[in-house]
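Contents: one structure, followed by commentary.
Residue numbers (this note's numbering): 65 to 228.
Spelled out as structure tokens, the structure:
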């Protein structure tokens, strides 16, 4: 597997263990995908190397993609389960995202768009789909699960700009 994180430790939380996972899942009310937890066991959130996700629809970001900046981990001040204004529930409330799951990424827009795990059609043994939420707050599916989403991510926005 290609190392997903850049060397910077922005948004990196404490070491992940079973107790931290259980606490996060209890606070969030959702079972976290195994592919997400596998990444967090290596580094609990952080700035990503590959940040662009292609789309088949236009976004407020571009005609054919959007950018994520950092994967949010669990625990600590910036974890998806935190309650200090940076957690998923806080972001859903502040930015009026649909209440369908968990906000997973820090975005360059600062909150005008989001990438979320969508638990609406998730069976008991299934992993949630990944959706993009734009300024219209309509969830648009971009991947069947978190593992597929990571595989879709390509170069950084600066790479795209320099090729245009």
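Every residue, glycine too, gets a C-beta built ideally from N, C-alpha and C.
If you compare the alpha carbons of 189, 165, 196 and 126 with that of residue 91, the shortest gap goes to 165. When DSSP states are grouped into helix, strand and coil, residue 164 belongs to the coil group.
Fully enclosed alpha helix (DSSP H) runs of no fewer than 4 residues occupy 152-159 of the region 140-187, in order along the chain.
The region 104-114 and the region 175-182 do not touch, with fewer than three beta-carbon pairs separated by less than 8 angstroms. In this structure residue 139 does not touch residue 76 by the C-beta definition: roughly 10 angstroms separates them, more than the 8 angstroms allowed. Rounded to whole angstroms, the separation of the alpha carbons of residue 118 and residue 152 is 24 angstroms. Following the DSSP letters along the chain, one finds residue 197 inside the beta strand (DSSP E) bounded by residues 193-197. Within the same chain, Cβ atoms closer than 6 angstroms to the Cβ of residue 143 are found at 77 and 137, the five residues on either side in sequence being excluded.
Linking residue 209 to residue 96 through their CA atoms gives a straight-line distance of about 11 angstroms.
Judged by DSSP in its simplified three-state form, residue 134 adopts strand. Counting along the chain, no alpha helix (DSSP H) covers residue 95, and no H or E run does either. Taking every protein chain shown into account, the CB of residue 131 has 16 or more other CB atoms within 10 angstroms, so this residue is buried.
About 17 angstroms separates the CB atoms of residue 201 and residue 193; that is not less than 8 angstroms, and the two are not in contact. DSSP places residue 214 in the uninterrupted alpha helix (DSSP H) bounded by 210-216. In the three-state reduction of the DSSP assignment, residue 113 falls in the coil class, being assigned neither a helical nor a strand state. For residue 196, the closest C-alpha among the options 149, 167, 184 and 189 is that of 167.
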